[in-house]
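Colleague: So the sequence shown is residues 1 to 592, counted in my numbering.
Ideal Cβ placement from N, Cα and C applies to all residues, glycine included.
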Amino acid sequence: MLSLKMECLLFLFECVVCKRILPLLSCMKNETPLFLTAPYLMGIIGLCSFSFCVGSEKIQKVQTFSQIIVPPNFVCVVSLVNEYHFYNSIKSNQFFSIMTILLMMGFICGGQGGCEKSLQFRNSFLGKDNSFLERNNKLVKVYKTAAFKSPKKSLTVFAVQTKPVDNLGDTFSQKNSNQVKVTQVPDVHGHFGRYGGQFVPETLFFCLENLAKCFGETRNDPMFHKELDLLLKDFVGRPSPLYFAEHLSSRYARKDGSGPRIYLKREDLNHTGAHKINNSLAQCLLARKLGKTRVIAETGAGQHGVATATVCARFGLKCVVYMGAKDMKRQSLNVFRMRLLGAEVREVTAGTGTLTNALSEAIRDWVTYPEETHYIVGSVSGPHPYPLIVREFQSIIGKETKQQAKEKWGTSPDILIACVGGGSNAMGLFHDFVEDPNVRLIGVEAAGEGLGSQKHAATLTCGQLGVLHGAMSYVIQDEDGQIKEVHSISAGLDYPGVGPEHAYLKDTGRAEYFAVTDREAIQGFKLLSRMEGIIPALETAHAVAYLDKLCPTLSGSPNIVLCCSGRGDKDVHTVMDYLKENGDSDIHLDDL
Numbered sequence: 001m002l003s004l005k006m007e008c009l010l011f012l013f014e015c016v017v018c019k020r021i022l023p024l025l026s027c028m029k030n031e032t033p034l035f036l037t038a039p040y041l042m043g044i045i046g047l048c049s050f051s052f053c054v055g056s057e058k059i060q061k062v063q064t065f066s067q068i069i070v071p072p073n074f075v076c077v078v079s080l081v082n083e084y085h086f087y088n089s090i091k092s093n094q095f096f097s098i099m100t101i102l103l104m105m106g107f108i109c110g111g112q113g114g115c116e117k118s119l120q121f122r123n124s125f126l127g128k129d130n131s132f133l134e135r136n137n138k139l140v141k142v143y144k145t146a147a148f149k150s151p152k153k154s155l156t157v158f159a160v161q162t163k164p165v166d167n168l169g170d171t172f173s174q175k176n177s178n179q180v181k182v183t184q185v186p187d188v189h190g191h192f193g194r195y196g197g198q199f200v201p202e203t204l205f206f207c208l209e210n211l212a213k214c215f216g217e218t219r220n221d222p223m224f225h226k227e228l229d230l231l232l233k234d235f236v237g238r239p240s241p242l243y244f245a246e247h248l249s250s251r252y253a254r255k256d257g258s259g260p261r262i263y264l265k266r267e268d269l270n271h272t273g274a275h276k277i278n279n280s281l282a283q284c285l286l287a288r289k290l291g292k293t294r295v296i297a298e299t300g301a302g303q304h305g306v307a308t309a310t311v312c313a314r315f316g317l318k319c320v321v322y323m324g325a326k327d328m329k330r331q332s333l334n335v336f337r338m339r340l341l342g343a344e345v346r347e348v349t350a351g352t353g354t355l356t357n358a359l360s361e362a363i364r365d366w367v368t369y370p371e372e373t374h375y376i377v378g379s380v381s382g383p384h385p386y387p388l389i390v391r392e393f394q395s396i397i398g399k400e401t402k403q404q405a406k407e408k409w410g411t412s413p414d415i416l417i418a419c420v421g422g423g424s425n426a427m428g429l430f431h432d433f434v435e436d437p438n439v440r441l442i443g444v445e446a447a448g449e450g451l452g453s454q455k456h457a458a459t460l461t462c463g464q465l466g467v468l469h470g471a472m473s474y475v476i477q478d479e480d481g482q483i484k485e486v487h488s489i490s491a492g493l494d495y496p497g498v499g500p501e502h503a504y505l506k507d508t509g510r511a512e513y514f515a516v517t518d519r520e521a522i523q524g525f526k527l528l529s530r531m532e533g534i535i536p537a538l539e540t541a542h543a544v545a546y547l548d549k550l551c552p553t554l555s556g557s558p559n560i561v562l563c564c565s566g567r568g569d570k571d572v573h574t575v576m577d578y579l580k581e582n583g584d585s586d587i588h589l590d591d592l
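1. Closest to Ser473 by CA distance: which of Gly382, Leu355, Val321 is it?
2. Alpha carbon to alpha carbon, what distance is there between Val516 and Tyr546?
3. I think Cys462 touches Ile442, with their Cβ atoms under 8 Å apart; what is that distance to the nearest whole Å?
4. Do Pro500 and Pro387 have their C-beta atoms within less than 8 Å of each other?
5. May I have the straight-line CA-CA distance separating Ile396 from Leu341, to the nearest angstrom?
6. Judging by CA-CA distance, which residue of Gly259, Leu285, Ser258, Ile277 is the nearest neighbour of Glu267?
7. In the DSSP output, what is Tyr195 paired with across the bridge?
8. Between which residues of its own chain and Leu208 is the CB-CB distance below 8 Å, once the five residues before and five after are set aside?
9. Should Val575 go down as buried or exposed, given a rule of 16 or more other Cβ atoms within 10 Å for buried?
10. If we require 3 or more residues per run, which beta strand (DSSP E) segments fall completely within the stretch 369 to 420?
11. Between which residues of its own chain and Thr373 is the CB-CB distance below 8 Å, once the five residues before and five after are set aside?
12. Have a look at Lys526 and Phe393 and give me their C-alpha separation to the nearest angstrom.
13. Can you tell me which of the three DSSP states Thr145 falls into?
14. Below 8 Å, can you find three or more Cβ-Cβ pairs linking the stretch 272 to 288 to the stretch 319 to 333?
15. Pick from Tyr263, Ser424, Gly324: whose alpha carbon is nearest that of Lys408?
16. Using CA atoms only, rank isn't needed, just tell me which of Thr540, Gly300, Glu347 is closest to Gly378.
17. Is the CB-CB distance between Gly497 and Thr459 below 8 Å?
18. Buried or exposed, going by whether 16 or more other CB atoms sit within 10 Å of the CB of Lys233?
19. Taking buried to mean at least 16 other C-beta atoms within 10 Å of its own C-beta, is Pro186 buried or exposed?
20. Mind reading off the beta-carbon distance from Val420 to His502? Whole number of angstroms is fine, and I expect it under 8 Å.
21. Below 8 Å, how does it come out for the stretch 414 to 434 and the stretch 563 to 571: are there three or more Cβ pairs, yes or no?
22. Express the C-alpha separation of Val544 and Pro558 in angstroms, rounding to a whole number.
23. Nearest to Glu479 by alpha carbon, out of Gly524, Ile489, Gly466, Glu344?
24. Going by alpha carbons, who is nearest to His189 out of Gly470, Ile483, Thr349, Arg519?
25. Within the same chain, show all residues whose beta-carbon is closer than 6 Å to that of Val311, passing over the 5 residues directly before and after it, in chain order.
26. If the criterion is Cβ atoms closer than 8 Å, does the pair Gly667 and Val348 meet it?
27. In its own chain, which residues sit with a C-beta less than 7 Å from the C-beta of Ala521, not counting the 5 before and 5 after it?
28. Since Arg346 and Val306 should fall inside the 8 Å C-beta cutoff, what is the C-beta to C-beta distance between them, to a whole number of angstroms?
29. Helix, strand or coil, according to DSSP, for Ser453 in the structure here?
30. Verify whether the separation of the beta carbon atoms of Ser240 and Lys265 is less than 8 Å.
31. Is Glu347 helix, strand or coil by DSSP?
32. On the DSSP letters alone, give me the boundaries of the beta strand (DSSP E) that Glu445 sits inside.
33. Only counting the same chain, and skipping five residues up and downstream in sequence, which positions put a Cβ closer than 7 Å to that of Gly448?
34. Assuming contact is defined by CB atoms lying nearer than 8 Å, are Gly398 and Asp432 in contact in what I supplied?
35. Suppose contacts are defined by Cβ-Cβ distances below 8 Å. Is Arg261 in contact with Phe244 by that definition?
36. Which word fits Gly273, buried or exposed, when buried means at least 16 other C-beta atoms lie within 10 angstroms of its C-beta?
Okay, here's the thing in structure tokens:
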């Protein structure tokens, strides 16, 4: 054991004396000061794990220490440590393997020889009969080919390629979901488990830091909340009703009189016609507090763009909205509304001309003009602190639902259902119920032309671990990590990523996610229109369509709350064109 200690010490000395950690420090210079010494400290962690933790009795101490020290941008390290910490099921020899990878990360800038030496330590100490050996080898291979110039990028590639917890995560999220405590507060770096974080250009770190600080101050500022609450009441028209869909419920009634009771949370009745204004309004107040004079936003279906243009008009702020060319064509009404409200709508022709490209262009704008610009992200996606901010401002949906449910039938709902693209309306509805195990949470994604067609946007159903628009989450990508083209008849769900908290809820088993095709969504669109006189947004129609699959599986008379995230005026032409293209032989207007 003494020789092993000496080897580790010599290895550490070699890296420090040769100053090969400098490239790593350079790429991490915007992190918390503690992490500037992370390579050295991680080497100590590796040394401790190999030298002093032969028995399992000290695993917890080292694991806790490593969780504190490991820098968040080392995505593969975070994933692997979380694999132990989160599922609490990995054997001690596998934990030692994790610590070996920590040692590799600490000395990643020690050159090819350093990585190979670390791998030799791991093999000689643990032997080759270990499930993590292949990952160690893959890390060395990635490092040899690309890492020295860009260590952080190579680690991201490694994490995506090896998919560290895909198999293990799926297994334990199903078996042990009731044993896992789901925390709703991300850590200081914005991680929900292994998801989230900040993967952005250096130019934006200062903006994000200021935004997080401002948001933290306003959370406990009674004057901020007093102004926001008054605007939500008088300007937005909150609270939105919780409406009993009597005729829709009768569709699923049984002969004995039992059956689900379906309620609609009517976010479509908000000013501007969707839930988006909850977030846009509050973020405009933040922008004003930050002293920003210019606001930018991305939009797919146009609802977030309209909401942002509306509140900018209210507060006298300059507004620029980025929208894909394809979305501008199918949502021309909302484009006119934004321009009528004084916003500049910039057409994005790059890529597929959809929400993905609009968001990318908005980020480029923000990087160019960070001083005067506040970027209002429309969903619970993007770099920290945006997933937290948007969730908090949209959580009014769930807070009202909880109160209204108690008034109507005395307890919380049994089931919550919402559509999921980026996931803001779903997260807003779910948030206040996540810690209540008696409430079932269901998100519905866009299956497009079918999950097997490659023309879908079912990120949580078919996606893989990756980084998109500043955060780690599930992403629809190819084997090289390149974002794939996605499809949905709904512009608001036509996105290849998803909010990191949704990814976290999926892995823990706390929420369930399913997918609905374009054809089924059209049926849901017609169903709610004809049975309740409510024309829903195509996004909402996906959740409505899933009722046909869910309700026959239920017993008793559960209370279901479905978030009607927006109204469907914007989608009437899209649905009309779809019906014309497919003809009566495909979808019968009278066949519900």
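Modeller: The structure says:
1. Gly382
2. 7 Å
3. That pair is no contact at about 17 Å.
4. yes
5. 26 Å
6. Ile277
7. Phe192
8. Gln198, Val200, Pro383, His384, Pro385
9. buried
10. 373 to 375, 415 to 419
11. Lys292, Arg294, Val295, Ile296, Asp365, Trp366
12. 31 Å
13. Any reading at Thr145 needs caution, since the residue's pLDDT is 48, under 50, leaving its predicted position unreliable; the model's value is listed next. Helix.
14. no
15. Tyr263
16. Gly300
17. yes
18. exposed
19. buried
20. The Cβ separation is near 6 Å, so the contact holds.
21. yes
22. 16 Å
23. Gly466
24. Ranking Gly470, Ile483, Thr349, Arg519 by Cα distance to His189 puts Gly470 first.
25. Ser280, Leu281, Cys284
26. Outside the shown range of the chain, which is 1 to 592, sits residue 667, and nothing can be said about it.
27. Taking Ala521 as the centre and dropping the five residues before and after it, the same chain places the C-beta of Ile489, Ser490, Leu538, Ala541, His542, Ala545 closer than 7 Å to its C-beta, in chain order.
28. Contact flag wrong, Cβ pair sits at about 15 Å.
29. helix
30. Ser240 places its beta carbon less than 8 Å from that of Lys265.
31. DSSP places Glu347 in strand when its eight states are reduced to three.
32. Going by DSSP, Glu445 is part of the beta strand (DSSP E) stretching over 440 to 448.
33. Lys455, His456, Ala457, His487, Ser488, Thr517, Asp518
34. Result yes, Cβ atoms of Gly398 and Asp432 sit closer than 8 Å.
35. Cβ atoms of Arg261 and Phe244: closer than 8 Å.
36. buried
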